[in-house]
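Residue numbers for the sequence shown follow UniProt numbering, beginning at 1 and rising by one. Ideal placement from N, C-alpha and C gives every residue a C-beta, glycine not left out. Accompanying notes for the structure given below.
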Amino acid sequence: MPLKAELDAIDWKILKQLQDNGRITNVELAERVGISAPPCLRRVRKLEEAGIILGYRAILNGAILGQDIVAFCMIRLHRQSDADLKSFAETTKHWTLVRRAWMVSGESDFLLHCVASDLSTFQNFVIEELTSTPNVDSVRTSLTIRSVKNEPLMVL
1 MPLKAELDAI DWKILKQLQD NGRITNVELA ERVGISAPPC LRRVRKLEEA
51 GIILGYRAIL NGAILGQDIV AFCMIRLHRQ SDADLKSFAE TTKHWTLVRR
101 AWMVSGESDF LLHCVASDLS TFQNFVIEEL TSTPNVDSVR TSLTIRSVKN
151 EPLMVL
């Protein structure tokens, strides 16, 4: 698959290091990838400006913070016109329980990654919000049992 950006070996090393530790200092990052600090910082900024690095986040432990329920919802719409798909996608942006959302192919039209404090909160969301949303035909849910793998999103 062709890349949409021209990256050299140093850029790939920078991306790998930042994906593993987004809090690394520029000096330490430069040492790990084998260049000096000023060009390293220029490269990181260039990767950010190109939209390759979208941002930096802390990964929080939801269970400790009282967000014990992690679930996936598979949504099927009655109609799949471009306007209908865009409308539902826009609606997902307003639901705080929905942490990530994908338009997908197959039996469902959307896959929602949801996080809630408890089962009752999640159930209320599904019943009161999801199923009552215009154009929603069906909602199938899967509650997670435990996380068995949690790797960075990109393989570098």
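Item, Value
"Can you list, in chain order, the residues of its chain with a C-beta nearer than 8 Å to that of ALA89? Leave out the 5 residues immediately preceding and following it.", "ALA101, MET103, PHE110"
"If we require 4 or more residues per run, which alpha helix (DSSP H) segments fall completely within the UniProt domain \"HTH asnC-type\" (7–68)?", "9–20, 26–33, 37–49"
"Grouping DSSP H, G and I as helix and E and B as strand, with all else coil, what is ILE145?", "coil"
"Please report the residue range of the alpha helix (DSSP H) in which PHE88 lies.", "82–92"
"Determine, using beta carbons only, whether ALA63 and THR141 come nearer to each other than 8 Å.", "no"
"Give me, in chain order, the residues of the same chain whose beta-carbon lies closer than 8 Å to that of SER117; leave out the 5 immediate sequence neighbours on both sides.", "GLY66, GLN67, ASP68, ILE69"
"What does a CB cutoff of less than 8 Å around ILE24 pick up in its chain, not counting 5 residues either side in sequence?", "GLN17, LEU18, ARG32"
"Nearest to SER120 by CA position, among ASN135, LEU97, THR133, is which residue?", "LEU97"
"Using CA atoms only, rank isn't needed, just tell me which of ILE75, LEU153, VAL136, LEU7 is closest to GLU107.", "ILE75"
"Please classify ALA9 as buried or exposed, where buried requires at least 16 other C-beta atoms within 10 Å of its C-beta.", "exposed"
"What do you get for ILE145, buried or exposed, if any count of 16 or more other CB atoms within 10 angstroms of its CB means buried?", "exposed"
"Give me the residue from VAL44, LYS46, CYS73 with the minimum Cα distance to PHE122.", "CYS73"
"Secondary structure at VAL104, three-state DSSP: helix, strand or coil?", "coil"
"Would DSSP call SER117 helix, strand or coil?", "coil"
"Between the Cα of HIS113 and those of ILE35, ARG42, LYS13, TRP95, spot the shortest distance and give me the residue it belongs to.", "TRP95"
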